[in-house]
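Below is one structure, written out as structure tokens; the observations come after it.
2 protein chains.
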Amino acid sequence: MITVDMRDRKPIYEQLIDNIRTLAVQGHLKPDEHLPSVRQLAAELAINPNTIQKAYAELERQNVIYALPGRGNFISPDIGAVARQEKERQLRALAAQITLAKNVGAQKDEIRTLLDAAYDDTTR
Amino acid sequence: MITVDMRDRKPIYEQLIDNIRTLAVQGHLKPDEHLPSVRQLAAELAINPNTIQKAYAELERQNVIYALPGRGNFISPDIGAVARQEKERQLRALAAQITLAKNVGAQKDEIRTLLDAAYDDTTR
DNA sequence: TAACTGTACTAACACAAATAGTACAGATAA
DNA sequence: TTATCTGTACTATTTGTGTTAGTACAGTTA
């Protein structure tokens, strides 16, 4: 489900980009699946169509989706490449966050505990 | 050393808050140590005194520093409590980032490798 | 006394995000 | 063909936040 949080400091169009990219990478949106039209999604989320268009344009630039003028926007068939890039991106962000935690006194064991909790409590 | 990055999207006053809080928590700024005056730091960093004042006011609210009108701003003597809060804050952020990485396909082993690298390559 | 200090204002400016509105061409179903 | 979708491209305006500019006042210190 595509959502936005108006209270979030992150701009709406960036929320949409990250949200839809993640849904596509996780497989919740299938390759060639038809996305809501610019006007329809704007109506659903009660935001301006221009904001949706801005997000869709950036998603197309990132090869997450492709547009067929007059027909609509669709999930890219080769979403796999995007998925690999996104994984690397999140791992880099994670490495940075580990450094931040370490710098304020976090012990390796404490982080290992977080890691175990994230991977043991849920599926896989 | 207190610095700011004008290219960073994060507001200057927030950069100052995080920067000084981290320096204090890490012990690079000692309890009761005298901070640069609002006007002096503004001159050094080539930014407006109001921006420094905004950061100092928030740091005082967070008990990172205390102000003596007419004398200056000083690092809080009980910075330990702040350090504990900050550590918890970073661990929560880390847990969230682990979840993000996991959701885009990161394997536990990959994260463990990052963790080892962060703690083995440097001191401690 | 002079020169610092923190603090409290108001006003203006700059920038990005978001909105509002219009327009046009391609696609599609009636 | 017509009506109604679709993406796309504009301009203008509004809004909110961060930042700057300037002034003022009281406390501190050499």
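Chains Z and C are the protein sequences, given in the same order.
Numbering (numbering that gives the first Met the number 0) for the first sequence: 0 to 123.
Numbering (numbering that gives the first Met the number 0) for the second sequence: 0 to 123.
We put the beta carbon where it would ideally sit given N, CA and C, even for glycine.
Buried versus exposed call for residue i [16 or more other C-beta atoms within 10 Å across all chains shown]
i	result
K147(C)	A question about residue 147(C) goes unanswered here, because the residues of chain C that appear run from 0 up to 123.
A117(C)	buried
N47(Z)	exposed
Q39(C)	exposed
Spatially closest choice to residue i from the options, by CA coordinates
i	options	result
E13(Z)	Q39(Z), E43(Z), Q52(Z)	Q52(Z)
N49(Z)	P68(Z), S36(Z), R60(Z)	S36(Z)
A105(Z)	R38(C), M0(C), V63(C), Q84(C)	Q84(C)
L114(Z)	V103(C), T112(C), A94(C)	A94(C)
L90(Z)	I110(C), L90(C), A92(C), I78(C)	I110(C)
D77(Z)	R6(Z), G26(Z), D17(Z)	G26(Z)
A41(C)	G69(C), D17(C), I11(C), P68(C)	I11(C)
D119(C)	I97(Z), E43(Z), A92(Z), G69(Z)	I97(Z)
D17(Z)	D17(C), L99(C), P68(C)	L99(C)
is_contact[residue i, chain C] using C-beta, thresh 8 Å
i	result
L99(Z)	yes
Y118(Z)	yes
L113(Z)	yes
N18(Z)	no
K9(Z)	no
L28(Z)	no
I74(Z)	no
T21(Z)	yes
A94(Z)	yes
A82(Z)	yes
L44(Z)	no
6 Å Cβ shell around residue i - same chain, five flanking residues per side excluded
i	result
R123(C)	Because the pLDDT of R123(C) is 46, which lies under 50, any placement of that residue in the model is unreliable, and the number read from its coordinates should be weighed accordingly. The answer is none, since no qualifying residue turns up.
L15(Z)	A54
A66(Z)	E59, N72
D7(Z)	none
Residue i at chain Z interface by Cβ criterion, 8 Å
i	result
G69(C)	no
A105(C)	yes
E32(C)	no
V24(C)	yes
I64(C)	no
E85(C)	yes
Q127(C)	As displayed, chain C neither begins before 0 nor continues past 123, which places residue 127(C) out of reach and without an answer.
E13(C)	no
E109(C)	yes
L58(C)	no
Q89(C)	yes
Same chain only: Cβ atoms within 7 Å of residue i, ignoring 5 sequence neighbours per side
i	result
G71(C)	H33, L34, S36
A82(C)	V24
E87(C)	none
D108(Z)	none
Cβ neighbours of residue i in the same chain (closer than 8 Å, five flanking residues each side left out)
i	result
L22(Z)	I1, L28
I19(Z)	I1, L28, L34, A54, L58, V63, I64
S75(Z)	A23, P30, N62, V63, I64, Y65, V81
D4(Z)	Q14
Residue i: CB within 7 Å of a non-hydrogen atom of the ligand MG
i	result
D115(Z)	In the structure on display, the ligand MG does not appear, and there are no ligands present to speak of.
Review point. What are the start and end residues of each continuous beta strand (DSSP E) run of 3 or more residues lying completely inside the segment 13-81 of chain Z, in chain order?
Key: 64-67, 71-74
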